[in-house]
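Colleague:
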Ligand SMILES: Cc1ncc(COP(=O)(O)O)c(C=O)c1O
Ligand SMILES: Cc1ncc(COP(=O)(O)O)c(C=O)c1O
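Protein chains in written order, with the working numbering: chain H, 2 to 381; chain Y, 403 to 803.
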């Protein structure tokens, strides 16, 4: 079955008891067992819940993985993945990553004795030089946040494996509708399902999809031990969102491409960072690695200082000023003061996150409405 | 989002997905949340006695008791009114509750209703069995026979009713002509546009008085809730809202939230349902095992011209007859498909399939089924938003099985 058909049907088998075309939501925290010391399919909801299991099946199918795990947030998923490491291991991450991931790595993981370093994952030689004998996990994000840099997943997988490390890809921006990292050789895919997968700005969720059964089992053990499992209601809403994932993402990409081209021609804009533009350094790679669109996130730099940038970000009528992304509503934000405020200022400067950057999450609204809104805001 | 400003800007474009996402919603919501809260309140509090008196005397817009309204319901009603291009919408617990609410509030003993005979069988049943008990006379005339409809009007006629497209034959009503008959005789007109949705046609723009939907279908779109709506003018809807508060067939706050969420992708989903419906109809029309396809997007359909002139697309419902098949051979094909599930209803993301003889008309005598135009070899397929190749492949294997 094709992607879109699987998004609707895999994990959503009809309920055998009632025939309900949408599986029931199981709120039970515990499950009655057949006998003392005998276990049924489900015992306790942290260890397994039918509603969560349904959406995990859908997610594993969409990413082409051996198994998926649903968490209470993207950060909970990332945290679980980093717990594969122990004191003395080294984690190597890209530089263009979500601010919260940066914070987790620099200020939490590091203090438990894991060695963390960052390197530009779009420059493979630089990345290779950053490997150490104890590198166990490589963490990349593509498209990167907020610069929309494109990292070559297959090349990174090859590098990581050569150095005896696993490759994990934060696939939040691309979604499996566009990119399936496991097919390119990655070992683990992570999502902030809060974004496109949920798609409606109304839930927090995170996902890990493992390429191998063995890795899936390790992660399952950690998730069950630590307990950040997705609730039944959120699992249901996530599953409902996945049914329109491909439609939403393709439509949002189309609109983003048009907006990027328009902004790129505009004198009020200094530069546009969008992988769908031929002049974007990652364009050729993205064309290969992303099927059906270049994502619906785009960043641009205006000709103006921090104050002017803030003014523009606050002047839109349709784009709403908020962090997060990937939903039906279009959002606007200023990375320097919002999504990437948790970066150390020196790292922010070093990684090209300037004060005059504006990041857009393009939603499902009509292209003309969005363009008119940006046009008036740029004049503000 | 101020819906009036968007409506004015785009008078003909309910396909505008901006409306689906934002219409009816305040720009700044409670707690600055990006989505509207679910207000699970059975009742709403007043500061003091004076504020109760002020509310009752001035009828200031605010909530009073859950059966009369809920903040989430108001938002969804605004969104639906906006999509239909109507002044006001009233949400009900189901499509049938909306139909019953409208009939009960508009009709008195001695009044008459004329309706086109192709319709959802429960609507027909309500008219013939229940309205009759209250002394309301209903007259059925053949679908799209405008002369017959006009001839059936008497001085007591209060309402002309039709679906468009009709269920399951997908006949398309000439809305302009239908509305004009009503106006000429000073009789109100109602179109159940469940199968069309405002994405494909907006009957109010043709002068129809009321549009009704089983929101359960395309508008909610995920096969996971029941709802109904009536859209029309403030003046004409006032008595219906009043009766709804007494009847009590209102939606729950949770249900309303799921509906609001579903409406966000309405334009996208409809575009896909239209594409899938057209592709599957064309496939079936060319298939040697198929005797006839009822789909307004096919040139062979009786109402193709009017459909083409008035509709953006024709939805996901496709009805067809299997060539030289009795009911069992037809059932065998229904049983052999693997992607669509066997179930009543339509309009959700999951494709559904049914044989009307078995599903909705099983209790009817063969003579009644002939009268309603339901042959034994009829299959009704509601195309979801799956990949159309998957649906076509599945039908191919089911015919060959
Ligand atoms: C790329 C990326 N990864 C991870 C996260 C963290 O996910 P969450 O907010 O669901 O914890 C976010 C967003 O906040 C993100 O944008
Ligand atoms: C055309 C039409 N109108 C009305 C209804 C009744 O709506 P509901 O099932 O939401 O009560 C249905 C379906 O059941 C329908 O198909």
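Built from N, CA and C at the ideal position, the CB exists for glycine as well.
Check residue 589 of chain Y in the structure and name its three-state DSSP category.
Modeller: coil
Colleague: On the DSSP bridge list, what partners appear for residue 273 of chain H?
Modeller: H:301
Colleague: Given the structure, does residue 348 of chain H come close to ligand 1, in the sense that its CB is under 7 Å from one of the ligand's heavy atoms?
Modeller: no
Colleague: Return the residue from the list H:365, H:63 and H:371 that minimises the CA-CA distance to residue 252 of chain H.
Modeller: The shortest Cα separation from residue 252 of chain H among H:365, H:63 and H:371 belongs to H:365.
Colleague: Can you pull the DSSP bridge partners for residue 694 of chain Y?
Modeller: Answer is Y:723.
Colleague: Compare the C-beta of residue 330 of chain H with all C-beta atoms of chain Y and state if any pair is closer than 8 Å.
Modeller: Judged by the 8 Å Cβ criterion, residue 330 of chain H is in contact with chain Y.
Colleague: For ligand 1, is there any heavy atom lying closer than 7 Å to the beta carbon of residue 99 of chain H?
Modeller: yes
Colleague: Residue 797 of chain Y to residue 223 of chain H, Cα distance in whole Å?
Modeller: 44 Å
Colleague: I'd like to know whether the C-beta of residue 252 of chain H is nearer than 8 Å to at least one C-beta of chain Y.
Modeller: yes
Colleague: Could you tell me whether any non-hydrogen atom of ligand 1 is closer than 7 Å to the CB of residue 236 of chain H?
Modeller: Incorrect: residue 236 of chain H has no Cβ contact closer than 7 Å to ligand 1.
Colleague: Would you please state the rounded distance, in angstroms, between the beta carbons of residue 220 of chain H and residue 206 of chain H? I believe it to be under 8 Å.
Modeller: With 8 Å as the limit, residue 220 of chain H and residue 206 of chain H do not qualify as a contact, their Cβ atoms being about 16 Å apart.
Colleague: Do you know whose CA, among Y:741, Y:692, Y:634 and Y:792, lies nearest residue 728 of chain Y's CA?
Modeller: For residue 728 of chain Y, the nearest C-alpha among the options comes from Y:692.
Colleague: Mind the definition here: the region 741-751 of chain Y touches the region 785-801 of chain Y only if three or more C-beta pairs lie below 8 Å; say whether that holds.
Modeller: yes
Colleague: Is it the case that the CB of residue 618 of chain Y approaches a heavy atom of ligand 2 more closely than 7 Å?
Modeller: It does: the Cβ of residue 618 of chain Y is within 7 Å (strictly closer) of some heavy atom of ligand 2.
Colleague: Looking only at its own chain, which residues have a Cβ that is under 8 Å from the Cβ of residue 167 of chain H, when we skip the five neighbours before and after it?
Modeller: 85, 137, 138, 139, 161, 188, 189 and 216
Colleague: Is the Cβ-Cβ distance between residue 122 of chain H and residue 83 of chain H less than 8 Å?
Modeller: no
Colleague: Which of helix, strand or coil does DSSP assign to residue 207 of chain H?
Modeller: strand
Colleague: Under a CB-based cut-off of 8 Å, is residue 84 of chain H close to chain Y?
Modeller: no
Colleague: Is residue 307 of chain H buried or exposed, if buried means 16 or more other CB atoms sit within 10 Å of its CB?
Modeller: exposed
Colleague: Taking only runs that begin and end inside the region 5-83 of chain H, name each unbroken alpha helix (DSSP H) of 4 or more residues, in chain order.
Modeller: Those alpha helix (DSSP H) runs which fall completely within the region 5-83 of chain H and span 4+ residues are 51-64 and 75-83.
Colleague: Roughly how many whole angstroms lie between the Cα atoms of residue 69 of chain H and residue 460 of chain Y?
Modeller: If you take the alpha carbons of residue 69 of chain H and residue 460 of chain Y, they lie about 57 Å apart.
Colleague: When the Cβ atoms of the region 227-241 of chain H are set against those of the region 258-277 of chain H, are three or more pairs found closer than 8 Å?
Modeller: Verdict: no, contact absent.
Colleague: What is the residue span of the beta strand (DSSP E) that residue 615 of chain Y lies within?
Modeller: Run containing residue 615 of chain Y: 612-616, per the beta strand (DSSP E) assignment.
Colleague: Using a cut-off of 7 Å between C-beta atoms, extract the partners of residue 792 of chain Y located in chain H.
Modeller: 2, 3 and 6
Colleague: Tell me the residue span of the alpha helix (DSSP H) that contains residue 350 of chain H.
Modeller: In this chain, the alpha helix (DSSP H) harbouring residue 350 of chain H covers 346-351.
Colleague: Within 8 Å of any Cβ in chain H, is that where the Cβ of residue 626 of chain Y sits?
Modeller: Yes - at least one Cβ of chain H is within 8 Å of the one on residue 626 of chain Y.
Colleague: Any beta-carbon of chain H closer than 8 Å to the one on residue 535 of chain Y?
Modeller: no
Colleague: Counting Cβ pairs closer than 8 Å, one from the region 771-791 of chain Y and one from the region 715-722 of chain Y, do we hit at least three?
Modeller: yes
Colleague: Tell me the start and end of each unbroken beta strand (DSSP E) in the region 725-765 of chain Y that is at least 3 residues and wholly inside, in chain order.
Modeller: 754-756
Colleague: Counting contacts by CB-CB distance shorter than 8 Å, is residue 419 of chain Y in contact with chain H?
Modeller: yes
Colleague: Against chain Y, with Cβ distances strictly below 8 Å, would residue 365 of chain H count as a contact?
Modeller: Interface residue, yes.
Colleague: Determine the chain H residues that contact residue 423 of chain Y at a beta-carbon separation under 8 Å, and present them in chain order.
Modeller: 329, 330, 364, 365 and 366
Colleague: Going by beta-carbon coordinates alone, are residue 612 of chain Y and residue 569 of chain Y separated by less than 8 Å?
Modeller: Contact: no.
Colleague: Using CA atoms only, rank isn't needed, just tell me which of Y:773, Y:448 and Y:476 is closest to residue 427 of chain Y.
Modeller: Y:476
Colleague: Is the Cβ of residue 311 of chain H closer than 8 Å to any Cβ of chain Y?
Modeller: Closer than 8 Å: no.
Colleague: Could you check which residue in H:164, H:297, H:120 and H:284 has the C-alpha nearest to that of residue 196 of chain H?
Modeller: H:297
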